[in-house]
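According to our numbering, the sequence shown holds residues 1293 to 1687 in order. Single-structure report; data block below.
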Amino acid sequence: MSQRHTAQLGAALALLGSAIAIPAHAATLSVGPGKTYTAPCKAFAVAKAGDRIEIAGNTTYRGDVCAIKQSKLTIVGVNGRPKIDAGGKNALGKGIWVVQGNEIVIENVEMFGSKVPDKNGAALRLEGTNFTLRKAFIHDNENGILSGVKTDSKIVIENSEFGHNGNGTGQTHNVYIGSAGSLMFRFNFSHDADGGHNLKSRALVNTIAYNRFSSTVPGQTGTTATGKPSYEIDLPNAGTSYIIGNVIHQPAAHSNSNLVAYGMESAANPSHALYVVNNTFLNDDSARGTFVLIGTKVTTKALLQNNIFSGTGAVTNQVGAVEKTNYRSVAPGFVNRAAWDLRPTANALVINAGSAPPTVNGMSLKPAYVYKHSATSATRPVVKTIDVGAYESAL
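If you want it as structure tokens, here you go:
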């Protein structure tokens, strides 16, 4: 990585508070067959601030539901990914793990099966402040992640997969972040939400970067069942929002014809600044759709720059939105669209056709990475003139 990109990344993390420090651990608690603790919740119950809890992988922990009350814990799956199966149980009528402690880090776990009587069960219910999730697989719950109102909380979700969460009503989602202070959502694969959104956030500041939002074709084999999502990204209360370097795909079978929604409920957050830069949008609905749908109460004009808008539909409904060096086509050229190789093929309106993204609040919006499947990333090549879209060309 170049020194410039390193500096940009450091500035972004400092500005948005996206890097939550992992506490120095006082003790390591081992969980699994033949270990000190046979199930994660038994370790959570006795853990002290700063402890590290290691959960043996390649093991299923069925019905292990509880509240995580202690703060400053690091919870990690080791030697494989442990499977946390709700098994028909729930904690506090809310989900599998109800995270009440602050500054909790969870890594490398698979969680599924959360259902509760009010049909709002979450794999992870966030009630504390400052939470980090990494390298997880969250699927087939009524909600994947559900957080409450904590405007001083910084939430980081990275390198994780979310699939087929939702109860089919459109009211539950793969990821639903309440009114947090900030959300950093990067390098993730969120797909096939069952009736709801692949990502919904009411956070005051949203950084949504280098992810893939998509769904499988009905009948196609995937890591989860096929879903019919509503919005791919929904930011209902507006807020300072950076949508950078993502693949944003709407399947032919869906629950809403629009891809990204911003300020469509109340636009209640103080800032209405939306920056949509160097994304590749794909709409498989052959008859309708809006790529960036913006509520009438949003008072600031959005910046849409260096994006590829592929398929049918309007780019945006906002009159006066700032549109710079985007490429609009029903069928742009990609190296292999079916295999998700979305590097552009020879096209003078795409290759070396982008304009320099601005620096906003001390952070350059020029993309430094690309999404790499599955739920990881690679450095975006440094070039003199940037290509349009989420990837640089192979030429």
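C-beta: ideal position from N, C-alpha, C; glycine also.
Taking 8 angstroms as the cut-off, the beta carbon of residue 1547 is found no closer than this to the beta carbon of residue 1589. With respect to residue 1559, residue 1538 sits apart: the two C-beta atoms are not nearer than 8 angstroms. By the beta-carbon neighbour count (other beta carbons within 10 angstroms, threshold 16), residue 1666 is exposed.
Taking C-alpha positions only, residue 1661 is separated from residue 1512 by approximately 29 angstroms. If you look at residue 1337, you'll find it in the alpha helix (DSSP H) that goes 1332-1338. Distances from the alpha-carbon of residue 1337 to those of 1599, 1350, 1365, 1318 put 1365 closest. In this structure, DSSP gives residue 1629 a helical state, which the three-state scheme calls helix. Cβ-Cβ distances below 7 angstroms link residue 1669 to 1479, 1502, 1661, 1662, 1663 in the same chain, with the five nearest sequence neighbours on each side left out; the list follows chain order. One Cα belongs to residue 1655, the other to residue 1534, and the distance between them is close to 10 angstroms. Spatial neighbours of residue 1627 in its own chain (CB-CB distance under 7 angstroms, excluding positions within 5 residues in sequence) are listed in chain order as 1633, 1635, 1637, 1686.
Looking at 1557, 1353, 1411, 1494, the one whose alpha-carbon comes closest to that of residue 1441 is 1494. Annotated three-state conformation of residue 1670 is strand, per DSSP. Within the same chain, Cβ atoms closer than 7 angstroms to the Cβ of residue 1463 are found at 1488, the five residues on either side in sequence being excluded. In summary, residue 1677 is exposed, with fewer than 16 beta-carbon neighbours lying within 10 Å of its beta-carbon over all protein chains present. With respect to the 8 angstroms criterion, residue 1437 and residue 1472 are not classified as neighbours on the basis of their beta carbons.
Looking at the backbone, the Cα of residue 1434 and that of residue 1683 are separated by about 33 angstroms. Within the DSSP bridge table, the entry for residue 1542 names 1575 as partners. Cβ contact annotation for residue 1602 (same chain, cutoff 8 angstroms, sequence separation greater than five): 1572, 1573, 1574, 1575, 1621, 1622, 1623, 1624, in chain order.
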